[in-house]
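Here the structure comes first, spelled out in structure tokens, and everything after it is commentary.
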Amino acid sequence: MATPKEAGGAGNARYTFRVRLSSTAERALLAEWDRCRWVWNECVARSRAAYRAGETCGPARLGAMLTGWRAGERWLRAGASVPQQQTIRDFARSRAKALKDIAAGLPVRRRAGMPGSRSAVWPIRR
């Protein structure tokens, strides 16, 4: 149920809901999530390799790599390309922010969105 903050002006509403998925929909959603996580992990690996080689690795280059990944991997091609492309855009934005924070000399504890553990790459569920 929506609860307006003010009656006369622009208000805020808060909704509480729960998504209930069938087992088939849940499997499909988890499979899509796994594909996007794989794309993210590949972006991390390729970005690190490019950094070590002294090259740049931006979203355009990663997007071109995604085309090759999808051509070579049937299971990746089975998923939608839009979430995979969005994963690349999110990675590029996140990496740019991290590089900006490092250049600004922010300590790790003040950087937004840093994970609590030391693992940079999340495992893929199979």
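Residue 10 is where the sequence shown starts when you use our numbering, and the numbers rise one by one after that.
All C-beta atoms in this analysis are idealised placements derived from N, C-alpha and C, irrespective of residue type, glycine included.
Source: prediction; values computed, not measured.
Contacts around residue i, its chain only, beta-carbon distance under 7 angstroms, and the 5 residues preceding and following it disregarded
i   : result
E51 : W78
G81 : none
Residues near residue i by beta carbon distance below 8 angstroms, same chain, minus five either side
i   : result
W84 : R44
Same chain only: Cβ atoms within 6 angstroms of residue i, ignoring 5 sequence neighbours per side
i    : result
G88  : E41, R44
S103 : none
Assigned secondary structure, residue i (DSSP; H/G/I helix, E/B strand, else coil)
i    : result
V28  : coil
C66  : coil
E51  : helix
E41  : helix
A22  : coil
E82  : coil
R36  : helix
A87  : coil
R120 : coil
Identity of the residue in the options nearest residue i by Cα
i    : options              : result
I97  : G72, S31, G63, V28   : G72
A101 : M74, K109, I111, P68 : P68
R55  : L38, A37, M74, L39   : M74
P48  : T25, L115, R61, P92  : Checking the sequence shown, residue 48 turns out to be Val, not Pro. Checking every option, the nearest Cα to that of V48 belongs to P92.
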